[in-house]
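Accompanying notes for the structure given below.
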Amino acid sequence: MTAVQETVFLQGHIIDSLILAKVLDTILMMGGTFDLQDVKIGATRDAPSQARIVVRASSGRLLAEILRAIQPHGAAVEREADCRFEPALAAGVFPEQFYATTHLPTQIRLDGEWVDVEGMEMDLGICVDPAKARARTIPMGTVAVGDLIVTGREGIRVTPLARPAERDVFGFMESLVSSERPHHPIIADIAQRIQKLREWHREGRPGAKVLLAGGPAIVHAGGREALTWLIESGYVHVLFCGNALAAHDMEAALYGTSLGYGLTAGRSVPHGHEHHLRTINRIRAIGSIEQAVRSGVITGGIMAACVQCDVKLVMAGTIRDDGPLPGVLTDSMAAQQAMRAAIPGVGLALLVASTLHAIATGNLLPATVPTVCVDVNPAVPTKLADRGSFQAVGLVMDAASFLTELARELGWRP
Amino acid sequence: MSRLLVCPPDYFQIDYEINPWMRRDNGVDPSRAVRQWQTLMTVLEQEVGVGVERMQPVQGLPDLVFTANAGVVVGRRALVSRFRYPERQREEVHFARWFRERGYEVLTLEPSLHFEGAGDLLGFPDTWFGGYRQRSNIRAFPKLSEIFQREIIPLELVDSRFYHLDTCFCPLSGGDLLYLPSAFDSYGRAAIAERVSDDRRLAVPEEEALRFACNAVCVGKQVVMPAGCPRTTRLLEDRGYRTHPVHLDEFMKSGGAAKCLTLALD
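Chains as they are written, first to last, in my numbering: chain A, 158 to 571; chain B, 786 to 1051.
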């Protein structure tokens, strides 16, 4: 999806001579694209004009061919500087002028060579290892004294996403959020992607995992069976949730209720409000969710499917949690790190019915991962986009309807 | 009175091949070359009435006769060329010395920025045109534009037979332009049309352009040009120019004619 690029500079009487037009036409005719930056038109006829052009191509070879073709017309490759970096003087503190990342593919220039920054994620710093010519993103809190952190803006190249070849909902790369948009074609596109990713995942291809970050509304609203089926069918490989989704899922397994409401009858049952506490207590007594599933205490549902299908589960706690369940990470920075560690290899992210987990996951995802945000509240996908996850497709609908329709599209026949 | 810089063809021959016209086996007839050059001088001095400054020829520099490539002269400033081929780079020092000894302020571009003088820079009082791609580097023109405070429209030379702008493009003193449209691409032709109106552009037929019809010297309404270009002659005479045809085929063996053999000094 990404492209290679180089910035060139053109100056002189480039407008009336049509030299600029010729250079731009040449780039397009050869299959490249360009961004025109800093075009300055000479104020008088005698005064020269200038233009800075970012040339992009799908491969380094094509880019080199384009540059070779436009250089005789005066397009000079701009001399780039190496990036600057400074050692961190205190643990957990970046140098004052640290470079803050975007979630777009980024390169830094080290000793004349462009090096890809590993683990792209927004709002981090970049830590450099000049000896190995490597660079990776680093969260503020994990910086150690002496870590070399990129500062300033020189020698840093951020590549916008090229328009993907697929002409599905992700191809538009715009996070339109509207409750009036028809859902079915979007869900059909998502299903098609998931189907393809499952095949790729089975073939062992990289970047084929599907991540689902979800809230307890999935259980309350009746999406539990559909999600269980999706996990059991091998369509979901990583699950991010909190204490509540796991607790209510297992409450349903043990008591047939969700927050005390009978899931089939839809009525509150006597002492039902205690069910989730009793569930948590029971799992705590057993020691782990995995043990509860393996020992046959929890026989069905989302958690059971995760254990049985070896789905990577990260549970992040909050200050309103009961219990919490064993395995819930209550140190939010530790939870963030655990989520971050589970991101590599993800090729699609579904953020369903949880403001907290949707935003947190969106922050961790590189822009190259197609993302869907589903919530009954349009503010959630809007908020996600406002916080920079512009690649997310927003769907305003309830979690159960989404998961049920998605599962049906993939062949679920309850 | 107009003055031109010229160099007698004492050592003119074909020692190397750096354009599609030059073939070492197509040798120059030295006495014929001298006669043709002297006829050109007679026409320039006596018929057209321009002053001619003769520089000293140098043995081993056969192309020093083509003084159009010495550089560009504006007032008392002379910007000396940076030749693309090493064979001609040895001429630079001789041209620079000539200008310096006559009191010109001598300017140069950085060595890597090839620019072959008035062979690739021609124009009207307001707008100049710069030929690039074959010999001169387009990046020389913004510098020249800055030095001489003139608009310079770069034109890509797309046909290697017309390797200098003065082989296919000749601005005339009345604001007319003699040129070969096919020596330029569509961008170049559009840029020319933008600056020179339809009725001012005189398109030379290709067979006459190949006889160097565009390599002409225009002084006032008089045009000194190679013989054997009847259609171009008619085009010019219809516009009120007086033509002076001169046989210059010995010099065409090297890819030059009347214009290449002269450099306007003021």
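Don't be surprised by glycine CBs; every beta carbon is placed ideally from N, CA and C.
Proximity below 8 Å, CB of residue i to CB of residue j
i, j, result
"residue 300/A", "residue 257/A", "no"
"residue 430/A", "residue 419/A", "no"
"residue 1008/B", "residue 1020/B", "no"
"residue 358/A", "residue 522/A", "no"
"residue 892/B", "residue 932/B", "yes"
"residue 1036/B", "residue 1048/B", "no"
"residue 377/A", "residue 415/A", "yes"
"residue 483/A", "residue 440/A", "yes"
"residue 803/B", "residue 813/B", "no"
"residue 283/A", "residue 274/A", "yes"
"residue 452/A", "residue 446/A", "no"
"residue 407/A", "residue 474/A", "no"
"residue 437/A", "residue 467/A", "no"
"residue 486/A", "residue 369/A", "no"
Residue i (DSSP reduced to helix, strand or coil)
i, result
"residue 426/A", "coil"
"residue 271/A", "strand"
"residue 463/A", "helix"
"residue 979/B", "helix"
"residue 350/A", "helix"
"residue 963/B", "strand"
"residue 181/A", "helix"
"residue 233/A", "strand"
"residue 972/B", "helix"
"residue 570/A", "coil"
"residue 917/B", "strand"
"residue 360/A", "coil"
"residue 472/A", "strand"
"residue 836/B", "strand"
"residue 537/A", "helix"
"residue 1039/B", "coil"
"residue 456/A", "coil"
"residue 938/B", "strand"
"residue 393/A", "coil"
"residue 264/A", "strand"
"residue 529/A", "strand"
"residue 902/B", "helix"
"residue 188/A", "coil"
"residue 256/A", "coil"
With 16 other Cβ atoms within 10 Å as the buried cut-off, status of residue i
i, result
"residue 536/A", "exposed"
"residue 193/A", "exposed"
"residue 921/B", "buried"
"residue 1038/B", "buried"
"residue 382/A", "buried"
"residue 834/B", "exposed"
"residue 890/B", "exposed"
"residue 557/A", "buried"
"residue 285/A", "buried"
"residue 1042/B", "buried"
"residue 949/B", "buried"
"residue 412/A", "buried"
"residue 195/A", "exposed"
"residue 434/A", "exposed"
"residue 534/A", "exposed"
"residue 811/B", "exposed"
"residue 476/A", "exposed"
"residue 428/A", "exposed"
"residue 289/A", "exposed"
"residue 885/B", "exposed"
"residue 881/B", "buried"
8 Å contact criterion, which residue i and residue j should meet: CB distance rounded
i, j, result
"residue 313/A", "residue 252/A", "The Cβ separation is near 15 Å, so there is no contact."
"residue 976/B", "residue 173/A", "6 Å"
"residue 197/A", "residue 230/A", "Not a contact, Cβ separation roughly 18 Å."
"residue 888/B", "residue 854/B", "The Cβ separation is near 22 Å, so there is no contact."
"residue 266/A", "residue 304/A", "That pair is no contact at about 19 Å."
"residue 1025/B", "residue 1006/B", "6 Å"
"residue 824/B", "residue 1031/B", "6 Å"
Query - Cβ contact (3+ pairs, closer than 8 Å) linking the region 367–382 of chain A and the region 542–551 of chain A - result: no
**Report entry** Cβ contact (3+ pairs, closer than 8 Å) linking the region 863–881 of chain B and the region 823–839 of chain B
**Finding:** no
Requested in this report: For the region 456–463 of chain A and the region 387–394 of chain A, state whether three or more C-beta atom pairs, one from each stretch, are separated by less than 8 Å.
Outcome: yes
**Report entry** Cβ contact check for the region 480–499 of chain A and the region 526–546 of chain A: 3 or more pairs under 8 Å
**Finding:** no
Query - Touching by the beta-carbon criterion (3+ pairs, under 8 Å), the region 960–978 of chain B and the region 930–949 of chain B - result: yes
Query raised in the report: If we count Cβ pairs, one from each stretch, closer than 8 Å, do we get three or more for the region 162–172 of chain A versus the region 207–218 of chain A?
Result: yes
Query raised in the report: With contact counted as at least three CB pairs below 8 Å, one residue from each stretch, are the region 871–886 of chain B and the region 904–916 of chain B in contact?
Result: no
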